[in-house]
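Going by the UniProt record's numbering, the first residue of the sequence shown is number 1, and it counts up by one from there.
Here is the structure we will look at, set down as structure tokens.
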Amino acid sequence: MTSFFGLSTGLQLQPQQQQQQQQTAAAAPQDLPIHSRNYLASLQSRLQRVEQLLQDETPAALGFSYDLDSSSSSSSSSTGLTRAQQQNLQLEQKVQQLAAATPQQGQELLSRWQRAAHRNPDRQAGVVVPVVGLQGLAARISGAAEMTEAILQAAAATARDTEALAAKHNQMNAALGRIKKRHAVLGHSLIRAVGLVEGLAVSRGVCERNPRCEAANEQLLAQIQEEFQWADWQQRIDGLRVWLSSLQQQKPEACSSSSSSSSEEQQPAVAPALLRLLTVQAETVQQLLQSLANTEAAVSRLQASALAARSRAK
């Protein structure tokens, strides 16, 4: 009996099984029908095979699974194969040697190996490993469960991180939306300001080059000149200057007469002149105030007309 992967090949078990079946058939009650005795013999042989599988003593208990070798991402410089491919090649050579030595059982193992190699999910990093018996299968299942639990925990952590990133992304999108709205408002304000500046510049240039605007300005100036009679004011100013000069001449005479004893006789002659002077001064001040009011009104009308002309030019 040869050994392979730590278990017995069981190539010599087939004659033993035949002998045991013959002994079992002989030990069966002879009074039973032939079909009953054959049925009991088949049940006993099945029980024996199950016991052998549980004891991991036959090649029937051998299966194949897969391990991922993360270090096999790049090929070797000498052979051009990854480490996982080299391990698979060595295992295939062992299976082929067993198939050549024991064709009956070895061919079954070789066919299993070929199916496992064909189903390898990753030919570069997937290592085909033998699984011996139910205990080995249970160990593989336990390891797979642990790996699945670790993957689930990593997936849950990734989901939490993804939710946090999504919330942050939503916040950034909201902030970006507010910034875009603010940018649009500022852009519109800038466009309006530029339009106003350009309109003001154009209106000024048009008003300067437009004969109508010049004619309107000249008309306003003519109206102001008509309302503000400069010639009349010039005459009034000249009259005031004459009165002032006469007052200056009369002041020394009034002072000398007041010092003399005969001042009481001259006071009735000076009083009418002073009264007339004060009256003229009061009238002059009143006319000046009225003229200033008229001038302010004319200036206000001029400003209003200028604003109206500017708005029409826009």
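Glycine included, C-beta positions come from ideal geometry on N, C-alpha and C.
- Across the set 106, 100, 121 and 107, the C-alpha of 121 shows the shortest separation from the C-alpha of residue 85.
- The alpha helix (DSSP H) runs lying completely inside the segment 93-165 and spanning 4 residues or more are 103-118, given in chain order.
- When C-beta atoms of the segment 81-96 are compared with those of the segment 112-121, three or more pairs fall below 8 Å, so the two segments count as touching.
- With fewer than 16 other Cβ atoms from the protein chains shown falling within 10 Å of its own Cβ, residue 159 counts as exposed.
- Residue state for residue 40 is assigned as helix, using DSSP reduced to three classes.
- Judged by DSSP in its simplified three-state form, residue 186 adopts helix.
- In the three-state reduction of the DSSP assignment, residue 91 falls in the helix class, which pools H, G and I.
- Taking C-alpha positions only, residue 140 is separated from residue 126 by approximately 15 Å.
- Across the structure, residue 172 and residue 118 are spaced so that their CA atoms are roughly 50 Å apart.
- DSSP lists 129 as the bridge partner or partners of residue 65.
- DSSP, read as helix, strand or coil, puts residue 278 in helix.
- Within 10 angstroms of the beta-carbon of residue 43 lie fewer than 16 other beta-carbons, which makes it exposed.
- Taken atom to atom, the span from the alpha-carbon of residue 64 to that of residue 162 is near 38 Å.
- Around the CB of residue 136, 16 or more other CB atoms lie within 10 Å, so the residue is classed as buried.
- Of the candidates 98, 185, 195 and 67, 67 places its Cα closest to the Cα of residue 144.
- Shown here, residue 81 sits in coil according to DSSP, grouped into three states, outside any helix or strand.
- By the neighbour-count criterion, in which 16 or more other beta carbons inside 10 Å mark a residue as buried, residue 307 falls on the exposed side.
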